[in-house]
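Asker: The following block contains the structure, expressed as structure tokens.
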Amino acid sequence: MALHFELVTPAKLVRSEDVHMVVVPGTEGEFGVLAGHAPFMSTVADGALKVYKTENGIPEEIVISGGFAEVGDKGLTVLAEHVGS
Amino acid sequence: MASLKELKGRINSVKSTQKITKAKQMVAAAKLRKAQEAAEQARPYAARLAEVMGSLASKITISENSPKLLAGTGSDQVHLLVVANSDKGLCGAFNSNIVKAALIKARKLEAEGKTVLFYLVGRKGRAVIKREFPKQIVHEFDTTGVREPGFNEAEQIADELVALYDKGTFDIAHLFYAKFRSALVQEPTGQQIIPVPAPTAAPAAADAVTEYEPEEEEILAALLPRYLKTQIFGALLENAASEQGASMTAMDNATRNAGDLIQKLTIQYNRSRQAAITTELVEIIAGAEAL
């Protein structure tokens, strides 16, 4: 099962794809989101998202700041004010 | 009656004006498309954030412990009018319409005995407001350094507004900009941005209980300034699209008027030329007959 992951900035929709897992640096600790995660909302500390395309693949890092993560039925949505270093 | 040479000069000058207005019209048309695309791309973020804000706001009740950005200062004495204009002219009544809407609101508030302050974004429209309310301009935000006002500018504006708000400079802020309806219609709009009006977006049907980390109130407090930024960003984008739309319409009219004028002048030119030829012929014939 794949997790639908969306990364949105005020200027545009940066990513919208199916991935295996995303590790998000929440303000109260890192958390990993897999498909079927319970509904969840958290503010995100400035740092790198780790996107695992496949189970054992090498994660791709996306640096974001001013972020907010929302997990719902539709998957994981990360709202970030700035993307990139 | 103007001489032939004078007429020719006028025709040429109108023609070169027409070239300028035509070029500006085409530039505006291209920029309008870009501005509309930018507005389109900003929509997902704004929609998501409004949704989240809506569902958060519905879960907490406003008390004196709520963030000030949501609950307000408890007074409504000092109003700040944020007026977003463009930096460039050649766009018809675009800027004056926004300024007019702001001035109407300002006079209404003053009539009610409130204090009115201004925060101006963009170069145009400063003069008019300065003339009417010379001592009430808090700040003029300069956007001439950037090509298109983007999220960074919105961020700066929002930060400054929040700082002013925390200092207690004002109680309520309104934002004035032109909403983009179509290339022909731009609607000057005023809306309250501080305290943040609770978003009315219906919260997504929550059949499962959502967990929050940190607490709802804290998330809300963190999101409020972001929501403000998004709103200002949205307004700037709408304004950019409206400006290009207004510019396109105004320049289209100007091009057409120049065309009409050229036609009129050309007819006049040809008539005078004909008259001159006729007079010359008459003179020659009369001279030949006299022999």
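Keeping their order, the protein sequence lines are chains A and B. Heads up: the first sequence begins at 52 in the numbering used here, then just goes up one per residue. Heads up: the second sequence begins at -2 in the numbering used here, then just goes up one per residue. Beta carbons are placed, not taken as given, at the ideal position from N, Cα and C, and that holds for glycine. These numbers were taken from a predicted model, which means no experiment stands behind them.
Can residue 175 (chain B) and residue 119 (chain B) be called in contact, C-beta distance under 8 Å?
Answerer: Translated into the one-based positions of the second sequence, residue 175 (chain B) becomes position 178. Translated into the one-based positions of the second sequence, residue 119 (chain B) becomes position 122. No, these two residues do not count as a Cβ contact at 8 Å.
Asker: Does DSSP put residue 181 (chain B) in a helix, a strand or coil?
Answerer: As a first step, residue 181 (chain B) is located in the second sequence; it is residue number 184 there, counting from the start. Looking at residue 181 (chain B) - three-state DSSP - the assignment turns out to be coil, as it is neither helix nor strand.
Asker: What span of residues does the beta strand (DSSP E) with residue 64 (chain A) cover, start to end?
Answerer: Reading the first sequence from its first residue, position 13 is the one you call residue 64 (chain A). Its beta strand (DSSP E) spans residues 64 to 70.
Asker: To the nearest angstrom, how far is the alpha carbon of residue 169 (chain B) from that of residue 102 (chain B)?
Answerer: On the second sequence, residue 169 (chain B) is found 172 positions in, with the first residue counted as 1. On the second sequence, residue 102 (chain B) is found 105 positions in, with the first residue counted as 1. Each residue's Cα considered, the two are about 13 Å apart.
Asker: Given a threshold of 16 other Cβ atoms within 10 Å of its Cβ, counted over all protein chains shown, does residue 122 (chain B) qualify as buried or as exposed?
Answerer: Working through the second sequence from its first residue, we reach residue 122 (chain B) at position 125. By the 10 Å Cβ count, residue 122 (chain B) comes out buried.
Asker: For the region 237 to 245 of chain B against the region 77 to 97 of chain B, are there 3 or more C-beta pairs whose distance is under 8 Å?
Answerer: Output reads yes: the region 77 to 97 of chain B touches the region 237 to 245 of chain B.
Asker: Any Cβ of chain A within less than 8 Å of the Cβ of residue 150 (chain B)?
Answerer: Counted from its first residue, the second sequence places residue 150 (chain B) at position 153. No, residue 150 (chain B) does not count as interfacial toward chain A.
Asker: By the criterion of Cβ-Cβ separation under 8 Å, what are the contact partners of residue 146 (chain B) in chain A?
Answerer: Residue 146 (chain B) sits at position 149 when you count from the first residue of the second sequence. By Cβ distance, chain A contributes nothing, its closest Cβ being about 12 Å from residue 146 (chain B), past 8 Å.
Asker: Which stretch, first to last residue, makes up the alpha helix (DSSP H) that contains residue 138 (chain B)?
Answerer: What you label residue 138 (chain B) is simply residue 141 of the second sequence in a count that begins at 1. Segment 134 to 138 is the beta strand (DSSP E) holding residue 138 (chain B); no alpha helix (DSSP H) there.
Asker: Can you tell me whether residue 146 (chain B) is buried or exposed, with buried defined as 16 or more other CB within 10 angstroms of its CB?
Answerer: Looking up residue 146 (chain B) in the second sequence gives position 149. Under this definition residue 146 (chain B) is a buried residue.
Asker: On the three-state DSSP scale, how would you describe residue 101 (chain A)?
Answerer: Residue mapping note: residue 101 (chain A) aligns to position 50 of the first sequence, counting from 1. Residue 101 (chain A) falls in the strand class under three-state DSSP.
Asker: Less than 8 Å separating the beta-carbons of residue 210 (chain B) and residue 79 (chain A)?
Answerer: By one-based count along the second sequence, residue 210 (chain B) stands at place 213. By one-based count along the first sequence, residue 79 (chain A) stands at place 28. Contact flag set, yes.
Asker: Output needed in chain order: residues of the region 32 to 55 of chain B with a Cβ under 7 Å from some Cβ in chain A.
Answerer: Those residues of the region 32 to 55 of chain B that come within reach of chain A (Cβ to Cβ, closer than 7 Å) are 38, 39, 41, 42, 45, 46 and 49.
Asker: Nearest-angstrom Cα distance between residue 107 (chain B) and residue 166 (chain B)?
Answerer: One-based indexing of the second sequence puts residue 107 (chain B) at position 110. One-based indexing of the second sequence puts residue 166 (chain B) at position 169. So the two alpha carbons sit approximately 17 Å from each other.
Asker: Can the beta-carbon of residue 54 (chain A) be found closer than 8 Å to that of residue 100 (chain A)?
Answerer: Numbered from its first residue, the first sequence carries residue 54 (chain A) at position 3. Numbered from its first residue, the first sequence carries residue 100 (chain A) at position 49. No, these two residues do not count as a Cβ contact at 8 Å.
Asker: Quick check on DSSP: helix, strand or coil for residue 157 (chain B)?
Answerer: Start at 1 with the first residue of the second sequence, and residue 157 (chain B) comes out as number 160. Helix at residue 157 (chain B).
Asker: In three-state DSSP terms, what is residue 109 (chain A)?
Answerer: What you label residue 109 (chain A) is simply residue 58 of the first sequence in a count that begins at 1. Note: residue 109 (chain A) maps to coil in three-state DSSP.
Asker: Fully enclosed by the region 79 to 159 of chain B, which beta strand (DSSP E) runs are 3 residues long or longer?
Answerer: Segments of the beta strand (DSSP E) lying fully in the region 79 to 159 of chain B: 112 to 118 and 134 to 138.
Asker: DSSP three-state label for residue 173 (chain B), please.
Answerer: Looking up residue 173 (chain B) in the second sequence gives position 176. Here residue 173 (chain B) sits in strand by DSSP.
Asker: How long is the line joining the alpha carbons of residue 244 (chain B) and residue 111 (chain A), rounded to whole angstroms?
Answerer: As a working note, residue 244 (chain B) is residue 247 in the second sequence. As a working note, residue 111 (chain A) is residue 60 in the first sequence. Taking the straight line joining both Cα atoms gives about 44 Å.
Asker: Could you give the residue range of the beta strand (DSSP E) that holds residue 92 (chain A)?
Answerer: The residue you call residue 92 (chain A) lines up with position 41 of the first sequence. Taken as a continuous stretch (DSSP letters only), the beta strand (DSSP E) holding residue 92 (chain A) covers 91 to 95.
Asker: Assign residue 167 (chain B) to one of three DSSP states: helix, strand, or coil.
Answerer: Here the question's residue 167 (chain B) lines up with position 170 in the second sequence. In the structure shown, residue 167 (chain B) sits in coil (DSSP, three-state: anything other than H, G, I, E or B).
Asker: DSSP state of residue 4 (chain A), grouped into three classes?
Answerer: For chain A, the structure presents residues 52 to 136; residue 4 (chain A) sits outside this window and is missing.
Asker: DSSP has residue 191 (chain B) in a bridge; who is on the other side?
Answerer: Numbered from 1 along the second sequence, position 194 holds the residue referred to as residue 191 (chain B). The partner list for residue 191 (chain B) (beta bridge, DSSP) reads B:170.
Asker: Can you name, in chain order, every residue of its own chain whose Cβ lies under 7 Å from the Cβ of residue 150 (chain B), other than the five neighbours on each side?
Answerer: Within the second sequence, the letter at position 153 stands for residue 150 (chain B). 140, 143 and 233, listed in sequence order.
Asker: Are the beta-carbon atoms belonging to residue 90 (chain A) and residue 207 (chain B) less than 8 Å from one another?
Answerer: On the first sequence, residue 90 (chain A) is found 39 positions in, with the first residue counted as 1. On the second sequence, residue 207 (chain B) is found 210 positions in, with the first residue counted as 1. In contact: residue 90 (chain A) and residue 207 (chain B) (Cβ atoms closer than 8 Å).
Asker: Express the C-alpha separation of residue 263 (chain B) and residue 42 (chain B) in angstroms, rounding to a whole number.
Answerer: As a first step, residue 42 (chain B) must be located in the second sequence, where it is residue number 45. As a first step, residue 263 (chain B) must be located in the second sequence, where it is residue number 266. Each residue's alpha carbon lies about 55 Å from the other.
Asker: Less than 8 Å separating the beta-carbons of residue 255 (chain B) and residue 70 (chain B)?
Answerer: Locating residue 255 (chain B) in the second sequence gives position 258, where the first residue counts as 1. Locating residue 70 (chain B) in the second sequence gives position 73, where the first residue counts as 1. No, Cβ-Cβ distance for residue 255 (chain B) and residue 70 (chain B) is not below 8 Å.
Asker: Compare the C-beta of residue 216 (chain B) with all C-beta atoms of chain A and state if any pair is closer than 8 Å.
Answerer: Numbered from 1 along the second sequence, position 219 holds the residue referred to as residue 216 (chain B). Answer yes: the Cβ-Cβ gap between residue 216 (chain B) and chain A drops below 8 Å somewhere.
Asker: Could you tell me the distance, in whole angstroms, from the CA atom of residue 112 (chain B) to the CA atom of residue 194 (chain B)?
Answerer: Against the second sequence, residue 112 (chain B) aligns to sequence position 115. Against the second sequence, residue 194 (chain B) aligns to sequence position 197. Roughly 21 Å between the two C-alpha positions.
Asker: Could you tell me which chain B residues have their CB closer than 8 Å to the CB of residue 116 (chain A), listed as they occur along the chain?
Answerer: Looking up residue 116 (chain A) in the first sequence gives position 65. Ordered by position in chain B, no residue passes the 8 Å Cβ test against residue 116 (chain A), which lies about 11 Å from the chain.
Asker: Please tell me whether residue 117 (chain B) and residue 137 (chain B) are closer than 8 Å, where the distance is taken between their beta carbons.
Answerer: In the second sequence, the residue the question calls residue 117 (chain B) occupies position 120. In the second sequence, the residue the question calls residue 137 (chain B) occupies position 140. Their beta carbons are under 8 Å apart, which means residue 117 (chain B) touches residue 137 (chain B) by this criterion.
Asker: Could you please give the first and the last residue of the uninterrupted alpha helix (DSSP H) stretch that includes residue 279 (chain B)?
Answerer: Counted from its first residue, the second sequence places residue 279 (chain B) at position 282. Element bounds for residue 279 (chain B): 213 to 287.
Asker: Is it buried or exposed, residue 181 (chain B), if we count other Cβ atoms within 10 angstroms and call 16 or more buried?
Answerer: Along the second sequence, one-based indexing puts residue 181 (chain B) at 184. Flag for residue 181 (chain B) reads exposed.
Asker: Let's test the definition: count the other Cβ atoms within 10 Å of the Cβ of residue 288 (chain B) and tell me whether it reaches 16, buried, or not, exposed.
Answerer: Numbered from 1 along the second sequence, position 291 holds the residue referred to as residue 288 (chain B). Classification of residue 288 (chain B): exposed, given that the 10 Å Cβ count is below 16.
Asker: Between which two residues does the beta strand (DSSP E) holding residue 134 (chain A) run?
Answerer: The residue given as residue 134 (chain A) occupies position 83 in the first sequence. Segment 126 to 134, the beta strand (DSSP E) holding residue 134 (chain A).
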